[in-house]
Each structure stands twice: as C-alpha cells, then as structure tokens.
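Student: Structure in structure tokens, see below.
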Amino acid sequence: MAFPTRVYLNGKFIPSESARISVFDRGFVFGDGVYEVIPVYGGRPFRLSHHLQRLDASLAAVRISNPMTAREWEDIFRELAGEHGSVDQSIYLELTRGVAPRDHAFPAGIAATVFAYAQPLSYPDPEHIEAGVRAITVPDIRWSRCDIKAIALLANVLMRQKAIENGCAEAILIRDDRVTEGAASNIFIVSGGVLSTPGKGPYILPGITRDLVIELAHRNNIPCVEREIRRPELFSADEVWLTSSTKEILPIVRIDDRDIGMGRPGPMHSRLQAFYQDYKHAFRNGEVE
Ligand code: PDD
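Position 73, counted from 1, in the sequence shown is what numbering that gives the first Met the number 0 calls 72; the numbers after and before it change by one each time, with no gaps.
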C-alpha cells in the first residue's frame with residue numbers, strides 16, 4: 000500500500016514527505032498514545048459520533064486531553080477525505096502525549112501530537128467474503144486494558160504475524176479458555192440461530208462494527224447475546240465471523256485446521272452482510288448516521 004500524499008499534523012495539512020515529528024515524541028519512545036480508524040463513505044465519516052466517543056474514552060483512560068471539538072475533528076476528516084473524491088476511504092487518527100525528554104512520568108505543559116491521514120479503503124477480497132478465511136487460536140498475551148485503543152500494538156502485531164505465517168488471515172485470542180477478540184477485530188459465533196459475541200470489558204476493544212452488527216441483529220429480530228464464549232464453542236459453532244471497520248463482517252470457515260460448520264460461509268452471514276450493506280447504502284444517501 001502506498002503512502003498518502005497529504006497528511007494532517009499538528010494543525011496543518013502538509014505533503015506527507017515533509018511531515019516530521021521529534022524522535023523524542025512519547026508515541027515513538029513509549030507508545031504513549033491512542034488512535035482511531037474511521038471509514039469514510041461518500042465523503043462522510045461512518046458512525047462518527049461512535050468513533051469520537053470511543054476516542055474520548057481512550058483519551059480519558061490515558062489522561063490526554065482532547066484538543067478538538069467533535070466539529071473540528073469532522074472538519075479535519077472531511078478535508079482529508081475530500082482529496083480522494085468519491086472513493087471509499089479510511090481515516091487513521093493518532094494522538095500521542097507529545098514531545099518531552101524521556102521520563103516515564105507525565106511531563107507538564109506539553110501539547111499532544113495530532114496526526115491523521117486518509118487512504119482509499121482496502122476492502123477484503125471478494126473471494127474472502129465468498130469463501131471465508133482461516134484463523135488460528137493463540138493465547139491472548141496482551142495487558143488488561145484492551146478496551147483502550149492504544150497505539151502500543153506489539154502483542155497484536157506478533158499474534159497477527161503468527162496467523163499469517165500459518166496461512167491464516169486472523170488470530171483469535173484466547174484468555175483463560177475464553178475468546179476475547181481477534182488481533183485486530185471482534186469475534187461473533189452463530190449457534191442454533193443465535194448470535195453471540197464476548198461482552199465488553201477490559202479484555203476487548205469495544206468495536207464500532209461489533210456494535211452495529213448487534214444493532215442490526217436486534218432490529219431484524221435475530222437473537223444476539225453478549226456473553227462469555229469458551230474456546231471449544233468456536234469449533235462446535237455453525238458460523239464464526241470477525242468484524243472490523245476495514246474488514247466489515249468476514250466469515251471464518253476454518254480454525255486451527257478444523258472446519259467450522261460446513262467449512263463455508265453460512266446463511267446467517269449472508270443475512271447480516273445484506274443488512275450491513277443496506278445500512279451503508281442508507282448512510283451514503285444521508286438517511287442514517
Ligand atoms: N482495528 N479489536 C481490535 C483489537 C482492533 O484493533 C479492532 C480494529 C477491532 C474492531 O473495531 P472496529 O469495528 O471499531 O474497527 C477490534 C483497526 C481497524 C486497526 O487497528 O486497523
């Protein structure tokens with residue numbers, strides 16, 4: 000994937016070649032920052048208020064104050080997105096605590112570093128939606144504040160890489176024999192016509208796509224529960240999916256070399272996929288947020 004031509008950095012829209020941050024930025028030195036990934040459809044950031052609420056929660060958790068209003072964020076995102084016209088995009092936004100001599104404790108009186116860019120959204124391969132993807136289970140080696148969308152993603156990087164090296168698209172993370180989420184996604188299972196996904200808490204990121212899938216299920220009278228999912232339930236499920244802003248709803252058809260259900264995407268996936276695409280369509284027409 001190519002670099003974007005233009006980025007937003009600390010109040011300015013500038014060519015990405017001239018964007019510079021200090022080597023003493025605490026994001027670089029400590030991974031001391033948070034981020035968001037927001038799809039843009041038809042020039043409008045999708046589920047923006049939900050993303051901004053999660054950003055507020057992440058910032059509050061790490062005690063960085065939000066330097067912008069919702070309106071200011073929206074203006075920045077629209078300006079970045081405008082560059083690509085009508086092409087669907089994703090916005091990457093990162094805030095770090097700022098620049099200071101290295102010391103773990105918070106420095107006084109510094110401004111957050113704010114960095115954002117838009118790039119064309121790379122959708123999952125239609126073949127992957129059609130045929131499903133493979134996953135492996137791995138122990139969830141992360142800390143106990145996975146609800147914060149922190150830029151420190153070393154554990155996620157290692158777990159995803161292990162999946163790739165095993166010919167899989169995603170790693171499903173297991174903590175105390177329970178599914179938490181994917182390395183960069185949330186997980187749903189379907190058993191006997193009921194959708195289940197792990198409940199929110201300190202061990203999962205509260206995914207915006209996850210919430211929308213739950214909302215769409217409820218709206219269409221499909222039973223959906225938030226509950227603990229034990230590892231063996233993955234293998235006895237009729238369907239398993241991952242969800243994220245960039246992957247949407249992707250069926251997982253094989254886990255640890257065992258077929259899930261019939262080893263191909265199931266009928267519940269087709270239904271939710273259709274509801275999700277209808278929702279996006281309505282969003283593009285300005286009918287929903
Ligand atoms: N990741 N869980 C984790 C650990 C994630 O990193 C993500 C998304 C999700 C899904 O959240 P959402 O539905 O809000 O995208 C769950 C983004 C896409 C990323 O890091 O690129």
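We treat Cβ as the ideally placed atom computed from N, Cα and C, and that holds for glycine.
Computed from a predicted model, the values in this text were never measured in an experiment.
(1) Do you know how far the Cα of H280 is from the Cα of T112?
(2) From V239, E288, Y275, pick the residue whose C-alpha is nearest to that of K265; which is it?
(3) Rounded to the nearest angstrom, how far is the Cβ of G200 from that of D146, given a contact under 8 Å?
(4) Buried or exposed, going by whether 16 or more other CB atoms sit within 10 Å of the CB of L153?
(5) Considering R230, what are the terminal residues of the alpha helix (DSSP H) in which it resides?
(6) Whose CA, out of Y275, L51, N219, lies closest to the CA of K246?
(7) Residues bridged to Y7 by DSSP?
(8) Would you kindly work out how many angstroms separate the C-alpha atoms of F45 and V132, rounded to a whole number?
(9) Check Y275 in the structure and name its three-state DSSP category.
(10) Kindly confirm or deny that the segment 85-97 and the segment 113-120 touch, where touching means at least three C-beta pairs closer than 8 Å.
(11) Is the number of C-beta pairs between the segment 205-212 and the segment 179-197 that are closer than 8 Å three or more?
(12) Using 10 angstroms around the beta-carbon of E16, count the other beta-carbons present and answer buried if the total reaches 16, otherwise exposed.
(13) Step through the CB atoms of chain E and report whether any lies within less than 8 Å of the CB of I228.
(14) Does the beta-carbon distance from S244 to V36 come in below 8 Å?
(15) Nearest by alpha-carbon distance to I203: which of K148, A1, V61, A162 is it?
(16) What alpha helix (DSSP H) runs, 4 residues minimum, are completely inside the segment 97-169?
(17) Please report the distance separating the alpha-carbon of E165 from that of D256.
(18) Taking the straight line between their C-alpha atoms, what separation do you get for A130 and D102?
(19) Output the boundary residues of the beta strand (DSSP E) element that contains L190.
(20) Counting C-beta neighbours from all protein chains within 10 Å, is the total for D31 16 or more, i.e. buried, or is it exposed?
(21) Can you name, in chain order, every residue of its own chain whose Cβ lies under 8 Å from the Cβ of K161, other than the five neighbours on each side?
(22) What three-state label does DSSP hand S243 in the structure shown?
(23) Buried or exposed for V224, going by 16 or more other Cβ atoms inside 10 Å?
(24) Which residue's Cα is closest to the Cα of A60: E78, R177, Y34, E71?
Tutor: Quick answer:
(1) Residue 112 sits at position 113 when you count from the first residue of the sequence shown. Residue 280 sits at position 281 when you count from the first residue of the sequence shown. Whole-angstrom Cα-Cα distance: 35 Å.
(2) Counting from one through the sequence shown, the residue named residue 265 turns up at place 266. The sequence shown places Gly at residue 265, rather than the Lys named in the question. Of the candidates V239, E288, Y275, the one whose C-alpha sits nearest the C-alpha of G265 is V239.
(3) Numbered from its first residue, the sequence shown carries residue 200 at position 201. Numbered from its first residue, the sequence shown carries residue 146 at position 147. About 7 Å separates the two Cβ atoms, so the contact holds.
(4) Taking the first residue of the sequence shown as position 1, residue 153 is located at position 154. Result: exposed.
(5) In the sequence shown, the residue the question calls residue 230 occupies position 231. Start and end: 230-235.
(6) In the sequence shown, residue 246 corresponds to position 247, counting from 1. For K246, the nearest C-alpha among the options comes from Y275.
(7) Along the sequence shown, read from residue 1 onward, the residue named residue 7 stands at position 8. According to DSSP, Y7 bridges with F12, A115.
(8) For the purposes of this step, residue 45 is taken as residue 46 along the sequence shown, with counting starting at 1. For the purposes of this step, residue 132 is taken as residue 133 along the sequence shown, with counting starting at 1. Rounded to whole angstroms, F45 to V132 spans 25 Å at the Cα level.
(9) Reading the sequence shown from its first residue, position 276 is the one you call residue 275. If DSSP states are grouped into helix, strand and coil, Y275 belongs with the helices.
(10) yes
(11) They touch, by the three-pair rule.
(12) For the purposes of this step, residue 16 is taken as the residue at position 17 of the sequence shown. So E16 ends up on the exposed side.
(13) The structure shown contains no chain E, having only a single protein chain.
(14) Residue 244 sits at position 245 when you count from the first residue of the sequence shown. Residue 36 sits at position 37 when you count from the first residue of the sequence shown. Yes, the pair counts as a contact, with Cβ atoms nearer than the cut-off.
(15) Residue numbering aside, residue 203 sits at position 204 when the sequence shown is read from its first letter. The shortest C-alpha separation from I203 is found at K148.
(16) 125-130, 153-164
(17) The sequence position of residue 165 within the sequence shown is 166, counting from 1. The sequence position of residue 256 within the sequence shown is 257, counting from 1. A small fix is needed here, since residue 165 is Asn in this sequence, not Glu. Those two C-alpha atoms are separated by around 10 Å.
(18) Sequence index remark: in the sequence shown, residue 130 carries index 131 (1-based). Sequence index remark: in the sequence shown, residue 102 carries index 103 (1-based). Going by the C-alpha atoms only, they are around 50 Å apart.
(19) Translated into the one-based positions of the sequence shown, residue 190 becomes position 191. Reading the sequence as shown, one finds Ser at residue 190 and not Leu. Residues 185-190.
(20) To locate residue 31, count along the sequence shown from 1; it is residue 32. Its Cβ being crowded by 16 or more others within 10 Å, D31 is buried.
(21) As a working note, residue 161 is residue 162 in the sequence shown. Taken in chain order, the residues that qualify are I135, V137, A170.
(22) Indexing the sequence shown from 1 puts residue 243 at position 244. In the structure shown, S243 sits in a strand (DSSP, three-state: E or B).
(23) Residue mapping note: residue 224 aligns to position 225 of the sequence shown, counting from 1. Residue environment analysis places V224 among the exposed positions, since fewer than 16 neighbouring C-beta atoms fall within 10 angstroms of its C-beta.
(24) Within the sequence shown, residue 60 is the residue found at index 61, counting from 1. Put simply, of E78, R177, Y34, E71 the residue whose alpha carbon is nearest the alpha carbon of A60 is Y34.
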